[in-house]
Ligand code: HEM
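In our numbering, the protein residues as written are 316 to 816.
Here it is, written out as C-alpha cells:
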C-alpha cells in the first residue's frame, strides 16, 4: 500500500499536470479560431505576475492594440489569466461594437449581486433591461437645463477652493494638486448629489473625503477582490466577495437616506440630484418610471464614485500641463478674461460655454490622460464579426483600448506632444469621433459627461483667473502612470506652485 506522503505527492503532481493541461487548452482559444494573438504565459495569460507589476492592465491592453495595429490586423486576442479577451483595433469595428451593433454589447461585464449588495443596482453595473430602464429614467437628470440649476452650487464650492489656494500661496506652500482638486470635486458632488456641505477644505477628516479616499485607493486586498470578481466570477459564487467596500457603502447609504428623510418632493428650493431623484419617486411620475429608495441610493453612490476622482484627475492633469506650457496657460487665461469682460465679470453658465479654447485644453488632457483608459463590453449573443467568419461568442469579453486610440500616431501625429490645437474645430472635423473617447461612446456613454465638464471648467476658470500655476522643484518633466491602478493616476504626488495675479 502506498504511504500517505507518496499519495499526497501523486495527487499534487496530478493536480499540477491537470492545471497545466487546462491552461494549455484554454490558451489555445485564439489560435484555434485563427485570430492573431499575443503568446500567453502560464498561468497569467497576458497579464503580469502581480508581484512585478510594470505595465498594469492599461499598458497591457495598449501594447496589444499597438501590436495588432502594427501588423495591420483589424483585431486580435489576448488572455486575462484563463479568459480570452477580444481587442478591436479597426475604427469601423469599434464603432459597430459601441454603437451600431450595441444590442450585442449592452453590458460592461461588471458583476453585481443586488440582493446581497443593493448598491450594485447602479447604472454602471446594471445589465440588459434593468440598465435600459434605469438609463431612461436617469437621462433627464443630466440635461443642460438641469446643469444650469447646479451652476451656483458648483461655483460656491469653487470659492472655497480659491480661498484655500490663496492662503497656501500667501504662505508659499506648494500646491498638492490632486489633493486640492479632489476636495473641490468631493464638495461639488456632495453638494449636487447628496445635498450636503462636505467641508473638505476646512476639515481634512470630513467623512466624504475619508470615504472618497477609501473607495479609490488601491490595496492588495482590493486588487485580489477585483481580480476574483472579474477573472473568476464562478469562484465568487462560493467565496461571496463584495464588489464594493462595505464600510463605505454603509456610510453613503446612511448619508443619502438622512438627506432623503429631510426632504419632501414638493420642496423645490434646491435643484440638486437628491431632489430630482426624489421627484422621480413621487406621485407625479407613473409607477413604471419611479425609482425605489434603494435604487436612488445606488445611483447617488455611483455618481459619487464615478464622478469625483475622474473629474479631479482631469483638472489636476490640466493644471500640470498648463504649468508646463505657459503659452497655453496665457492663451487660456486671455480667453477667460475676455469672456468675463463680455459678461460683466460674471462667471455664468453661458460665459463658461463660450470658452472654446478651454474645451480644447480639456480635450487634449483627456486624450493624454483618459481617466478610464479602456472600455469593456460583454457580448450577450453570438456576434459575427463583419467581413470575417469569426464569431465573438456569447459571454466573451471585449476590451477597447482608449489610450491605444488616443496615442495612435495615425490619428494624432507626434502623440506624445501636448497640443490643444489638435482639438480646434477644423482639426476635429478631420477625424472620426471614435478616436477620442474619454467618456466612452454609444448608448452607454458616460451619463455624467456634461456635469463633469461643467465642474472642471468652473474650477479651471476660477483658478486661472486668480493665479498663475508654475512647476515646483519636484514637478516631473513627464508623468509616470501608476501600474497598480486600473484608472489613470500619476505614480507620484503632483506638486505645483501658484502666484497671485
Ligand atoms: C472627466 C470625468 C469623467 C470621465 C472621463 C468619465 C468617463 C466614463 C466612461 C469612460 C464611462 C464608460 C462609458 C462606456 O462604457 O462607454 C463612464 C460611465 C459612467 N459615468 Fe462617467 N466619467 C466622468 C465623470 C462622471 C461624472 C461626474 C458622473 C456622475 C455624476 C459619471 C457617471 C457615470 C455613470 C453613472 C456611468 C455609467 C453609464 C452607463 O453605464 O449607462 N461620470 N464614465
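For every residue, glycine included, the Cβ atom is placed at its ideal position computed from N, Cα and C.
Consider the C-beta atom of residue i and the heavy atoms of the ligand HEM; say whether any pair is separated by less than 7 Å.
i, result
"residue 606", "no"
"residue 323", "no"
"residue 721", "no"
"residue 756", "yes"
"residue 682", "no"
"residue 439", "yes"
"residue 450", "yes"
"residue 625", "yes"
"residue 447", "no"
"residue 759", "yes"
"residue 622", "yes"
"residue 687", "yes"
"residue 751", "no"
"residue 466", "no"
"residue 406", "no"
"residue 613", "no"
"residue 420", "no"
"residue 295", "Residue 295 cannot be examined here, being either before or after the span of the chain that is shown, 316 to 816."
"residue 629", "yes"
"residue 480", "no"
"residue 767", "yes"
"residue 618", "yes"
"residue 423", "yes"
"residue 763", "yes"
Roughly how many angstroms separate the alpha carbons of residue i and residue j, rounded to a whole number?
i, j, result
"residue 570", "residue 509", "8 Å"
"residue 628", "residue 634", "10 Å"
"residue 333", "residue 784", "59 Å"
"residue 662", "residue 655", "6 Å"
"residue 810", "residue 491", "5 Å"
"residue 458", "residue 767", "13 Å"
"residue 393", "residue 344", "10 Å"
"residue 807", "residue 453", "37 Å"
"residue 274", "residue 756", "Nothing can be reported for residue 274: it is not among the residues displayed for the chain, which extend from 316 to 816."
"residue 359", "residue 335", "12 Å"
"residue 688", "residue 753", "8 Å"
"residue 422", "residue 660", "45 Å"
"residue 566", "residue 771", "26 Å"
"residue 680", "residue 636", "8 Å"
"residue 691", "residue 424", "7 Å"
"residue 787", "residue 418", "49 Å"
"residue 817", "residue 484", "Any answer about residue 817 is impossible in this case: the structure gives the chain only from 316 up to 816."
"residue 591", "residue 439", "19 Å"
"residue 730", "residue 738", "13 Å"
"residue 390", "residue 447", "29 Å"
"residue 620", "residue 531", "8 Å"
"residue 331", "residue 574", "55 Å"
"residue 827", "residue 721", "In the structure as shown, the chain starts at 316 and stops at 816, and residue 827 therefore has no counterpart that could be examined."
"residue 723", "residue 805", "21 Å"
"residue 765", "residue 725", "29 Å"
"residue 769", "residue 705", "43 Å"
"residue 420", "residue 436", "19 Å"
"residue 355", "residue 372", "14 Å"
"residue 326", "residue 694", "38 Å"
Output yes if chain B places a C-beta closer than 8 Å to the C-beta of residue i; else output no.
i, result
"residue 790", "Reference to chain B is not applicable here, since this structure consists of a single protein chain."
Buried or exposed: where does residue i fall if 16 or more other Cβ atoms within 10 Å of its Cβ makes it buried?
i, result
"residue 352", "buried"
"residue 411", "buried"
"residue 665", "exposed"
"residue 474", "exposed"
"residue 670", "buried"
"residue 337", "exposed"
"residue 493", "buried"
"residue 595", "buried"
"residue 357", "exposed"
"residue 732", "exposed"
"residue 367", "exposed"
"residue 682", "buried"
"residue 563", "buried"
"residue 365", "exposed"
Answer yes if the region 693 to 707 comes into contact with the region 755 to 764, meaning at least three C-beta pairs across the two stretches below 8 Å, and no otherwise.
-> Result no; under three Cβ-Cβ pairs closer than 8 Å.
Notebook entry, point to check: Counting Cβ pairs, one atom from each stretch, are 3 or more of them under 8 Å apart for the region 477 to 495 and the region 609 to 616?
Noted result: No: the two stretches stay apart, fewer than three of their Cβ pairs being nearer than 8 Å.
Quiz item: Does the region 639 to 647 touch the region 463 to 473, meaning 3 or more C-beta pairs lie closer than 8 Å?
Solution: Inter-segment contact for the region 463 to 473 and the region 639 to 647 is absent: fewer than three beta-carbon pairs are separated by less than 8 Å.
query: Taking contact to mean at least 3 C-beta pairs separated by less than 8 Å, is the region 437 to 456 in contact with the region 769 to 780?
result: The way I'd put it, the region 437 to 456 doesn't touch the region 769 to 780; fewer than three beta-carbon pairs between them come closer than 8 Å.
Checklist entry - Are three or more beta carbon pairs between the region 514 to 528 and the region 488 to 506 nearer than 8 Å? => result Yes, the region 514 to 528 is in contact with the region 488 to 506.
Check whether the region 706 to 720 and the region 370 to 390 are in contact - that is, three or more C-beta pairs closer than 8 Å. With a cut-off of 8 Å, the region 370 to 390 and the region 706 to 720 count as touching, because enough Cβ pairs lie within range.
For the region 316 to 326 against the region 669 to 689, are there 3 or more C-beta pairs whose distance is under 8 Å? Using a C-beta cut-off of 8 Å, the region 316 to 326 makes no contact with the region 669 to 689, since fewer than three inter-stretch Cβ pairs fall below that distance.
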